[in-house]
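A.B. asks:
Protein chains: 2
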Amino acid sequence: MTTQLSQAKDGIITPQMEQVAEYEGISPEKIKQLVAQGKVVIPYNKHRNFYAVGIGENLKTKVNANIGASNLKNLEEEEIEKLDIATKFGADAVMDLSTGGDLDEIRKTIIKNSPVMVGTVPIYELATKYEVEDFDSDKLYEVIEKQAQQGVDFVTVHCGITKQTMPFLQNSQRISGVVSRGGSLLVKYILNTGKENPLYEQYDRLLDICFEHDVTLSLGDGFRPGSINDANDSPQIAELMILGELAQRAREAGVQVMIEGPGHVPIDQIEASVKMQKKLCQNAPFYVLGPIVTDIAPGYDHITSAIGGALASSYGVDFLCYVTPAEHLRLPDKDDVREGVIASKIAAHAGDIVKGVKGAKAWDDKMSKARKNLDWPAMYKLALDPEKAEHYKENSEAASDDVCTMCGKLCAVRTDNERTKPNHCKY
Amino acid sequence: MTTQLSQAKDGIITPQMEQVAEYEGISPEKIKQLVAQGKVVIPYNKHRNFYAVGIGENLKTKVNANIGASNLKNLEEEEIEKLDIATKFGADAVMDLSTGGDLDEIRKTIIKNSPVMVGTVPIYELATKYEVEDFDSDKLYEVIEKQAQQGVDFVTVHCGITKQTMPFLQNSQRISGVVSRGGSLLVKYILNTGKENPLYEQYDRLLDICFEHDVTLSLGDGFRPGSINDANDSPQIAELMILGELAQRAREAGVQVMIEGPGHVPIDQIEASVKMQKKLCQNAPFYVLGPIVTDIAPGYDHITSAIGGALASSYGVDFLCYVTPAEHLRLPDKDDVREGVIASKIAAHAGDIVKGVKGAKAWDDKMSKARKNLDWPAMYKLALDPEKAEHYKENSEAASDDVCTMCGKLCAVRTDNERTKPNHCKY
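Each protein sequence line maps, in turn, to chains P and G. Numbering (my numbering) for the first sequence: 1339 to 1765. Numbering (my numbering) for the second sequence: 1339 to 1765.
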């Protein structure tokens, strides 16, 4: 039995490392080294077959789209459509967060149809079957093992909610308490049963399953802040410190691991949040939800999170979980998924330019040159969403013009081209 | 003859300063002091009558919406509808950038109907009437004086494009050359006539007109970068240094003045851009267009600019010019205006939280408490766009539920309220 990590440690370059190297324009040797150091993970369950993607240092920032039904809305077909839209617009991963409908059926269908890595939060399945007080470790690990066998590439597990970290929550002055679904269930479990979190207590059992199937651990932040007021507070940091210890144990066991992060964070605390994670977790890849930078814009949280995600990416975050306009209001529909993925892709790329990811700025420069040349087909081709860009211009009154309706004949580019391109000037 | 600035210097608190004080929750005395120091401007033409708003240090970051027709699209009615939408969603200012249709008629109608300050770029009117080579100072100042008499509250004038700064442009390695409409016209004027920019050469004439009507100067950045590659380059900084000198002369003449800024700026250069402006322009209010942080997302530049605008606001920018999804593609329509204003309002507020603007974080905290209480009506009321927030929730399958369709019965807030609100728990 091997994992990407165990093989990297043994000096082996896997086919998946080759794919990652090709996509990133980095040598396979370097990728192997980054995986061996735990700075890059390649979530790739042994039962899957797709074009592998890496997450971590030096690589393009990746984007995850959450899909999946809830008990109030569960149409399997719709979730598959969301999968298609998410990956069409560039999602590098999807998480099936279903908590309603036939969970096994939805999960299997998503795994079968997904061209990208698939993640889950196994405790959700448990919560749909049992009362919280009846969770026990056998039921829990049975679910995790089943999902690993089904081909799940990474699992979110809230291992840092423990008897040791709980007092920090209970003594805190948080406005929002616990806003993580998995987190809130485990808090309730510990309080109502007096028992330790089985994801923490039997962590080695988790490591065994993940090693066997090469499932990447995504250590969840059950105490993530749910309001900007609560950002970077003691429950969050206490949990992060535990996650750092657990990440170390995972690596030693040959299990790939990344760390999840917030959430709601004001602009001036994002850098600290990222730097702290990188330090406490020995540069494990960092996977954040948003972060959204203000609480007042429900209906537009793809934008509040694009702001936070871009900053986070620029400071070293490796993986962004999208947030859609539906956040805080309803399960996202297909349009929300598209808006969410694109906003996150923008954030990821804006950060990549700044942290020097290979090829990132070159893309912008190509677009800028196309603009200077008033070369509309080239602009559409280079656009993150070519369809929308083309639709905007080609359905306007200037459809057949070299300039657009914004400035018309006063187009600054056209005017300035008389100066900079006198021999190519067609006006 | 007086201006807000001249009166502030004389120790007079005007009715407009009282209004600004009321809106910001700051004492009138303090507002007067900030205006006298030139750190705050209150664009308010003597021929207007509306609720005055201030722009600058310590105040809420303000948002401007550009409206106005071009020669390729000019329907006066549509521009008035855009005015209504922009101000409904919270624009603190509009600029009429019309370059097509009956310019005087559109301008007068916008001024008459606008509940907020109105700005223009007078050189556009000149450009619709004359060839660039035929611009002369008398024609130019006649237009500026007429617009001042019509009630324009602030004017963008590209005074920093001069024979002194031109060589920095000509020697630069820019990809995008000049992307400012006014800038490109003045560059052409200087190159083709060999004459100096009349906005610079006869700056005192400009100051006289602005003093007489209390028109605020918005010193334009004709050399602003049009691609992230060109950000903070020598043409831009050379122009900014001239604007700093001119700002000082305006203040001495009792004329209110703010400074315009970019444009296209990668995330890691925004702070420098803001700090440099504040230093070189003696803390004059800073008014930026965007900035957008990547060039690759035409169709979504309200998002790329929300990222840059939020960061800029957090570092001290005072006034954001919106960017809409139509940027680089077409004249914005009504939907684009709405999207653009809201994205900029989000950016402004996200920055305000961080720079400690009075009441900013308190708004977020109220929203977070409403969320904790699952108090949907309170959430809608507190939302930046109450209609959209309510529509999302109330048209979903969970319309009558206390939780939403995202998590359904697994709602983390509901679960956690059993812990934090045991006596108020209704489940």
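C-beta atoms are modelled at their ideal positions from N, C-alpha and C, and glycine is treated no differently.
1) At the level of alpha carbons, what is the spacing between Ser1518/P and Arg1562/P?
2) Under 6 Å Cβ to Cβ from Lys1696/G, same chain only, skipping five residues before and after it: list those, please.
3) Compute the Euclidean distance between the alpha carbons of Leu1372/G and Ala1622/G, then round it to the nearest angstrom.
4) Using 8 Å as the cut-off, can you tell me whether the region 1345–1363 of chain P makes contact with the region 1385–1394 of chain P, which would need three or more C-beta pairs spanning the two stretches below that distance?
5) From the beta carbon of Lys1672/P, is the nearest beta carbon of chain G less than 7 Å away?
6) Write down the C-beta distance between Thr1743/P and Glu1735/P rounded to the nearest angstrom, noting that I regard them as a contact closer than 8 Å.
7) Going along chain G, which residues have a C-beta under 7 Å from Val1517/P?
8) Chain P partners of His1385/G, CB-CB under 8 Å?
9) Cα-Cα, which of Tyr1638/P, Gly1637/P and Gln1607/P is closest to Leu1649/G?
10) Take the Cβ of Ile1684/P as the centre, count every other Cβ of all protein chains shown within 10 Å, and call the residue buried at 16 or more, exposed below.
11) Just mark Tyr1527/P as buried or exposed, buried being the case when its beta carbon has 16 or more other beta carbons within 10 Å.
12) Can we count Ala1716/G as close to the ligand FAD, meaning its CB is less than 6 Å from some heavy atom?
13) State yes or no: is the beta carbon of Met1744/G nearer than 7 Å to at least one beta carbon in chain P?
14) Give a yes or no on whether 7 Å exceeds the smallest Cβ distance from Tyr1527/P to chain G.
15) Does the separation of the CB atoms of Val1432/G and Val1456/G fall below 7 Å?
16) Taking only beta-carbon atoms, is Pro1636/P less than 7 Å away from chain G?
17) For Ile1351/P, collect the residues of the same chain with a Cβ closer than 6 Å to its Cβ; drop the 5 residues on either side in sequence, then sort them by chain order.
18) Where does Cys1745/G sit, in a helix, a strand or coil, going by DSSP?
19) Classify Met1337/P: buried if its beta carbon has 16 or more other beta carbons within 10 angstroms, exposed otherwise.
20) Name, please, each residue of chain G whose Cβ falls closer than 7 Å to the Cβ of His1687/P.
21) Measure the alpha-carbon distance for Lys1400/P versus Glu1728/G and round it to whole angstroms.
22) Taking the straight line between their C-alpha atoms, what separation do you get for Ser1611/P and Ile1597/P?
23) Touching or not, the region 1710–1717 of chain G and the region 1674–1689 of chain G, by the rule of three or more beta carbon pairs under 8 Å?
24) Output the distance between the C-alpha atoms of Gly1560/P and Asn1530/P, rounded to the nearest integer angstrom.
25) With three or more beta-carbon pairs closer than 8 Å as the criterion, would you say the region 1598–1605 of chain G touches the region 1376–1391 of chain G?
26) Taking 7 Å as the threshold (C-beta atoms), are Ser1565/P and Ile1513/P in contact?
27) Out of Asn1383/P, Ser1344/P and Ala1407/P, state which residue places its alpha-carbon closest to the alpha-carbon of Gly1376/P.
28) For Cys1497/G, which of helix, strand or coil comes out of DSSP?
29) Can a CB atom of chain P be found closer than 7 Å to the CB of Lys1501/G?
30) Using the beta-carbon of each residue, which ones in chain G are nearer than 7 Å to Leu1523/P?
31) Can you pull out the residues from the region 1461–1479 of chain P whose beta carbon lies closer than 9 Å to at least one beta carbon of chain G?
32) Please compile the residues from chain P whose C-beta is within a distance smaller than 8 Å of the C-beta of Gly1438/G.
33) Report the start-end ranges of each alpha helix (DSSP H) in the region 1459–1538 of chain G that is 4 residues or longer and not cut off at the edges.
34) According to DSSP, simplified to helix, strand and coil, what is Ser1556/P?
35) Threshold first: 3 residues or longer. Then list the beta strand (DSSP E) segments lying entirely within the region 1538–1609 of chain P, N to C.
36) Given a cut-off of 7 Å on the beta-carbon distance, is the pair Ala1465/P and Leu1435/G in contact?
C.D. replies: Result, derived from the coordinates:
1) 7 Å
2) Gly1363
3) 10 Å
4) yes
5) no
6) 5 Å
7) Ala1750 and Val1751
8) Ordered by position in chain P, no residue passes the 8 Å Cβ test against His1385/G, which lies about 27 Å from the chain.
9) Gln1607/P
10) buried
11) buried
12) Among the components modelled here there is no ligand, and therefore nothing to report on the ligand FAD.
13) yes
14) no
15) yes
16) yes
17) Pro1366 and Lys1370
18) coil
19) Beyond the ends of chain P as shown, which are 1339 and 1765, falls residue 1337/P; an answer cannot be given.
20) Thr1632 and Ile1634
21) 32 Å
22) 12 Å
23) no
24) 17 Å
25) no
26) yes
27) Ser1344/P
28) coil
29) no
30) Thr1753
31) Tyr1462, Ala1465, Thr1466 and Val1470
32) Gly1746
33) 1460–1467, 1475–1488, 1504–1508 and 1519–1531
34) strand
35) 1554–1557 and 1595–1599
36) no
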